[in-house]
Amino acid sequence: MQENIINYFPIKLNKRDNKRKTQITMTKKRRIRFQFCFVLLSYVLSAQLQPYDTIFIPQPAVTEKANGVFYLSNSTGWFTGNVLTQADLDYLRGILNIQFNLKWLELSTYKPGAIRFTEASDTGMDLEAYELNIAPDGIEITARKGGAGFFYGIQCLLQCMAASQNHAGSFALPCMKVKDAPRFKWRGMHLDVCRHFFPLDFIKKYIDLLAMYKFNTFHWHLTDDQGWRIEIKKFPKLTEVGAWRNGSMLGAYADQNFDTLRYGGFYTQDEIREVVKYAAQRHIVVVPEIEMPGHAVAAIAAYPFLSCTGRQIQVEKAWGVFNEVFCTKDSVFDFLEQVLEEVVALFPGQYIHIGGDECPKLNWKECRHCQKRLRDEHLKDEHELQSYFVKRIENFLNSKGKKMIGWDEILEGGLAPNAAVMSWRGTSGGIAAAKLKHHVVMSPGKPCYFDHYQYQPKTNEPLAIGGYNPLDSVYAFEPVPKELSASEQKYILGAQGNVWTEYILNPKQVEYMAVPRMCALSEVLWTIPERKNRINFLMRLKRRIKMLDPMQVNYAKHFLKQ
Ligand code: TNX
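Per numbering that gives the first Met the number 0, residue 0 is the first one in the sequence shown, and the count goes up by one each step.
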């Protein structure tokens, strides 16, 4: 794509010689030196200049070119005028220092040449919306006080700075006006910390990445067959026993190879609070997932009474779907309610994710408690029993002021009355839920599973679970299905990229699988379709991905050759 190359630098010649009123004749040597400096200066400056619409990911709703340049340096003042929250202010000061080595110069009154934050006069403005105005004599970010708009305006400013930094560490920002607001309310990225466990520092780095691309939801998959990763004070064995397995699957599933190393880890409640706070400071809500009634082997290994058989089992070493699931007897609900009570207290967001996927019904068919439950509750079959389970949990969560969300299996046997559905087996579950007037987050395996391969031939890639979701297919994803009427479409909250980690062994590999596909997804979620353009996106991505280098992000690089 042809870019607009704009000349931002009208060069003014030095008039000192005139003032001295002396006739100076340039020697040939001086003229050559002067010309050389001039050419060098223009080259350095033009190399730093970025056309105004090639800077951002995700692309804002409106960007308008303006004339001139704003020079930002250590002597630029910042006037926050009490409109930024303390959290936004701390974030901004920190990132300027860490990422750009810039000092913070707070102004008590606005002076021309400064960067100022202004409260929007329009009280109807979306809380996530912002305006960024870069002019030669100052930069202004306007948003609603207390909303996320200032933070997103700051993200744009940071992207602009990264694109305009010169070698001396100052910045020549092209003047422009940006007016922006997100398309979707749920802009999510997920991370499975059960199949492989990732340290707290990495969780924070992942959240930093989400924030840079204006995601606002971090779905933290905390419990599964292969590990229980959240400390629950009332049930210490969940982490003493359930967080550790005596080996892991090695290589491809078909090989059925295992090591014998003890593997595991968990987050203490203090650490969880730290993550929640860290995310909140970046306007990201953390949605915890506590899996039930399936994917519960680790919990059952810790407390065998939770299953139908009561057998002592081991935390799973293999990947897959397992028959040991939570029983539907009352003592299990008592246990889960106590667990959820602690979970609810840790996560201030609206939603709690209860999983609900891949629950084999084999044990329920042979369990006297479950069969009695079927009869007592007049349930037709085990699908209705699963629905009973989920509804009972929803009832509890609602009584605690929380909303419940689950994978699309929670539609089977009848959807709980207020539940939101995360559609992963294609979009049909999401379509069905929206038609029933339930909120939906679209996360279909194709193309939202970032544990699938991203490049072909697959043999050149690190072993992955399968599938093929290239960058282009993520960028082309449309979360609102055509099958829905205008009023039904309103139930689509947004979409989410999922990073399941059976075959993702460490943080570097998470980064490799997530980036740059999450950059493409960020534009799907933020940018109105009319402003999306695949070729332009690729160009921006190629230029801007370098912004991640100081953070040492191990992004997949094949797109650079695309
Ligand atoms: C399906 S998505 C699962 C996960 C796996 C994932 C692997 C969902 C609700 N369940 O347990 O990790 O596939 O791609």
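Glycine residues also receive a C-beta, built at the ideal position from the N, C-alpha and C atoms. Quantities reported herein were computed from a predicted structural model and do not represent experimental measurements.
Tell me whether residue 467, by its Cβ, gets closer than 7 angstroms to a heavy atom of the ligand TNX.
It does not: the Cβ of residue 467 is nowhere closer than 7 angstroms to a heavy atom of the ligand TNX.
What's the call for residue 522, buried or exposed, on a 16-neighbour Cβ count within 10 Å?
Counting of Cβ neighbours within 10 angstroms places residue 522 among the buried residues, the total reaching 16 or more.
Verify whether the separation of the beta carbon atoms of residue 362 and residue 308 is less than 8 angstroms.
Yes, the Cβ-Cβ distance between residue 362 and residue 308 is below 8 angstroms.
Any non-hydrogen atom of the ligand TNX within 7 angstroms of residue 622 CB:
Because residue 622 is not part of the residues shown, which for the chain are 0 to 561, the question remains open.
Quick check: residue 490 and residue 545, are their CB atoms within less than 8 angstroms of each other?
no
By Cβ distance, which residues of its chain are closer than 8 angstroms to residue 256, with the 5 residues on each side in sequence left out?
248, 249, 250
Excluding the five sequence neighbours on either side, which residues of its own chain have a C-beta within less than 6 angstroms of the C-beta of residue 357, listed in chain order?
293, 320
Answer with buried or exposed for residue 446, where buried requires no fewer than 16 other C-beta atoms within 10 angstroms of its C-beta.
buried
Compute the Euclidean distance between the alpha carbons of residue 62 and residue 517, then round it to the nearest angstrom.
22 angstroms
Between the beta-carbon of residue 228 and the beta-carbon of residue 193, is there less than 8 angstroms?
yes
State the CB to CB distance for the pair residue 217 and residue 478, rounded to an integer number of angstroms; the pair is presumed to be in contact (CB under 8 angstroms).
Incorrect: roughly 18 angstroms between the Cβ atoms, too far for contact.
C-alpha gap between residue 179 and residue 531, whole angstroms
14 angstroms
For residue 562, which residues in the same chain have their Cβ closer than 6 angstroms to its Cβ, ignoring the five residues on either side in sequence?
For residue 562 there is no data in the structure shown, the boundaries of the chain being 0 and 561.
Report buried or exposed for residue 390, applying the criterion of at least 16 other Cβ atoms within 10 angstroms of its Cβ.
It counts as buried.
For residue 474, the three-state DSSP class (helix, strand or coil):
helix
Could you spell out the range, first to last residue, of the alpha helix (DSSP H) harbouring residue 429?
427-434
Comparing C-alpha positions only, which one of 92, 519, 541 sits nearest to residue 73?
When 92, 519, 541 are compared, the shortest CA-CA separation from residue 73 is found for 92.
At what residues does the beta strand (DSSP E) containing residue 496 begin and finish?
Start and end: 491-496.
Measuring from the CB of residue 136, is there a heavy atom of the ligand TNX at a distance below 7 angstroms?
no
Ordered list of beta strand (DSSP E) runs contained in the stretch 37-124, each at least 3 residues:
61-71, 114-118
Whose C-alpha, out of 123, 554, 134, is nearest the C-alpha of residue 144?
123
Rounded to whole angstroms, what is the Cα-Cα separation between residue 47 and residue 100?
Its pLDDT being 47, under 50, residue 47 is placed unreliably in this model, and the value from its coordinates should be taken loosely. For residue 47 and residue 100, the distance between alpha carbons rounds to 18 angstroms.
Any heavy atom of the ligand TNX closer than 7 angstroms to the Cβ of residue 288?
Checking the Cβ of residue 288 against the ligand TNX gives no.
Mind checking whether residue 450 and residue 499 have CB atoms under 8 angstroms apart?
yes
What residue from 383, 382, 372, 284 has the CA that sits closest to residue 350's CA?
Distances from the CA of residue 350 to each of 383, 382, 372, 284 were compared; the closest alpha carbon is that of 284.
Starting from residue 518, trace the beta strand (DSSP E) in both directions and tell me its first and last residue.
Where residue 518 is concerned, there is no enclosing beta strand (DSSP E), although the alpha helix (DSSP H) it sits in stretches over 516-525.
Pick from 379, 204, 375, 502 that is closest to residue 549, judged by C-alpha positions
Closest option to residue 549, Cα to Cα, is 204.
Using 8 angstroms as the threshold, is the stretch 467-485 in touch with the stretch 152-161, meaning 3 or more CB pairs across them?
no
First and last residue of the uninterrupted beta strand (DSSP E) at residue 369:
First-last for residue 369: 367-375, but that is the alpha helix (DSSP H), not the beta strand (DSSP E).
Give me the residue from 288, 215, 213 with the minimum Cα distance to residue 226.
288
Within 10 Å of its beta-carbon, does residue 340 have 16 or more other beta-carbons around it, so buried, or fewer, so exposed?
exposed
DSSP state of residue 557 mapped onto helix, strand, coil
helix
Limits of the unbroken alpha helix (DSSP H) element including residue 535
533-543
Residues near residue 141 in its chain [Cβ-Cβ closer than 6 angstroms; skip 5 each side]
117, 119, 130
For residue 177 and residue 439, what's the separation of their Cα atoms in angstroms?
30 angstroms
Any idea what DSSP makes of residue 207, helix, strand or coil?
helix
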